[in-house]
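Once you know that position 4 of the sequence shown is -6 in the working numbering, the rest is easy, because the numbers rise by one and skip nothing.
The beta-carbon is built from N, C-alpha and C at its ideal position, and this holds for glycine as well.
The next block holds one structure in the form of structure tokens; read it before the comments.
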Amino acid sequence: MPPVYRFAPSPNGYLHLGHALSALLNADMARAAGGRLLLRIEDIDASRCRPEFETAIYEDLTWLGLTWEQPVRRQSEHFDLYRDALGRLDAMGLIYPSFESRAEIAALVAAREAQAPWPRDPDGAPLYPGDAKTLLPAERARRVASGAPYAMRLDMAAAMTRAGALTWLETGAGPRGETGTFIADPAAWGDVILSRKDAPGSYHLAVTLDDAAQGVTDVVRGSDLFHATSVHRLLQCLLGLPAPRYHHHRLILGADGRKLGKSTQATALRERRAAGATPSDIRKAVGLD
Ligand code: GLU
């Protein structure tokens, strides 16, 4: 069976040089391995995704010279898959509803932080303090029945007990440039959100389920998602899904030394194209020759 690669952008902005590196690496690696290349549109966040950004993704990737299999998978068309997985995790007793607003969570964290330092996840956000986990079943049911919006969170401690130790094979580079087998550390993320108030899935849940549904064997993506792999491995184990190989690549940094954001217009592929750049200029600009 040929290996399966995928490029999975979110249509919440125009593609920039960082996306170009990811897309071109996926295409190069798929070609070198005699593999297939898939494109997936990660559009669960309806409030930020726009059809014109999706159209621009197809245009920019075609201009870069990429070809991919049809049909393109769009996450917004697979909410049933995410709901079904949440149902299975719920039946295992591994998820719980969390009703707080962002401001309420910030206040809960601040109260803890007044006592002692409070842990941050690998992206620097404070861990959810777990208050909703202690709600009595009757109170939970009452709030759900009242129509209060809620997110579903993974009970990380229970999930890890069920899954046991997990590893993944990294063919790219870890935080210190190393390759090989990594030990997953999902606890670093705390009780992560698996479905949001406004969408029946979160990035972690959808990406894991979609990679399995599409038979992806090799996940090639930016090193900003290196630590997220720990959560993905945990979900794969809980849901009985195969583990792909992972290849996290260097990030393209902006002039300020930070990871490129969607709003960094100077690095948007369409701006470069309008300014006369060719696809081979883009390959050079991202360090591929
Ligand atoms: N959709 C994610 C992004 O735009 C990438 C997800 C992944 O490659 O796992 O950053």
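I want to check one thing, is the minimum distance from the CB of residue i to the heavy atoms of the ligand GLU below 8 angstroms?
i	result
Ala(-2)	yes
Tyr193	yes
Lys32	One point to set straight first is that residue 32 is Glu, not Lys, in the sequence displayed. Checking every heavy atom of the ligand GLU against the Cβ of Glu32, one is found closer than 8 angstroms.
Val221	no
Val62	no
Val209	yes
Val197	yes
Leu14	no
Gly212	yes
Leu224	no
Leu259	no
Leu28	no
Leu51	no
Leu215	yes
For residue i, tell me which candidate among the options has the shortest Cα-Cα distance.
i	options	result
Arg273	Asn16, Ser213 and Val(-6)	Asn16
Val(-6)	Arg223, Val210 and Gly3	Val210
His68	Arg30, Ala20, Arg40 and Ala81	Arg30
Gly277	Pro(-8), Tyr4, Ser0 and Ala10	Ala10
Ile34	His239, Ser12, Ala20 and Pro(-1)	Pro(-1)
Gly24	Glu103, Gly244, Arg132 and Pro(-8)	Pro(-8)
Phe172	Gly205, Gly180 and Ala163	Ala163
Ala202	Tyr4, Ala22, Asp18 and Leu28	Leu28
Pro165	Leu224, Arg26 and His217	His217
Ala22	His222, Asp208, Leu228 and Asp175	Asp208
Glu44	Thr198, Arg130 and Pro1	Pro1
Leu98	Met82, Gly114, Pro119 and Pro109	Pro119
Thr151	Gly212, Trp179 and Leu224	Leu224
Residue i to residue j, Cα distance in whole Å?
i	j	result
Lys142	Tyr193	It should be noted that the sequence gives Met, not Lys, for residue 142. Their backbone Cα atoms lie some 13 angstroms apart in a straight line.
Leu56	Leu14	8 angstroms
Leu215	Pro87	25 angstroms
Tyr72	Phe(-3)	20 angstroms
Met134	Phe89	According to the sequence as given, residue 134 is Val; it is not Met. About 9 angstroms.
Glu32	Ala196	8 angstroms
Pro41	Val62	14 angstroms
Ala122	Gln60	42 angstroms
Ser185	Asp74	12 angstroms
Asp145	Leu229	15 angstroms
Gly244	Leu250	6 angstroms
Trp53	Pro269	7 angstroms
Determine the DSSP secondary structure at residue i, reduced to helix, strand or coil.
i	result
Gly8	helix
Val99	helix
Phe172	strand
Trp179	helix
Phe43	helix
Tyr140	coil
Trp53	helix
Glu129	helix
Leu(-3)	Per the sequence presented here, residue -3 reads as Phe, with Leu not at that position. In this structure, Phe(-3) counts as strand in the three-state DSSP scheme.
Arg38	coil
Report yes or no: is there a C-beta of chain B within less than 9 angstroms of the C-beta of residue i?
i	result
Ala163	Checking the listed chains, one finds no chain B in this structure; it contains a single protein chain.
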